[in-house]
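Student: Residue numbers (this note's numbering): 128 to 235.
Positions of the beta carbon are idealized from the N, C-alpha and C atoms, including for glycine.
This one's a predicted model, so the numbers in the text were calculated from it and none came from an experiment.
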């Protein structure tokens, strides 16, 4: 499952950028974002796993391994798509959770 460049025209505005996308995972594409001044594709990671399981007949474990090593693990500095894990917390759940206000390691 290679990650290759593809020219896209953003639905917002008329910007025509080259964006690196994961071939065969178009159904999991959520949209485009910006990272370090570059436009990147943003995917629903869970949907990517479902595609591998349904289309390729993989177990969840095998699909997760493929995502981790062959797709999300591809090294393309500043161009790698984002594979987003969605969560569905209600506002009440979020407000009652304790949050660590420190930034994660590696943040400036």
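1. If you draw a straight line from the C-alpha of residue 200 to the C-alpha of residue 193, how long is it?
2. With DSSP as the reference, label residue 159 as helix, strand or coil.
3. Looking only at its own chain, which residues have a Cβ that is under 8 Å from the Cβ of residue 207, when we skip the five neighbours before and after it?
4. The alpha helix (DSSP H) that contains residue 178, what's its start and end?
5. On the three-state DSSP scale, how would you describe residue 190?
6. Could you pull out every residue in the same chain whose Cβ sits closer than 6 Å to the Cβ of residue 185, ignoring the five residues on either side in sequence?
7. Using the C-alpha atoms, what's the distance from residue 214 back to residue 165?
Tutor: Reading off the structure:
1. 9 Å
2. strand
3. 130, 147, 167, 199 and 201
4. 172-183
5. helix
6. 179
7. 25 Å
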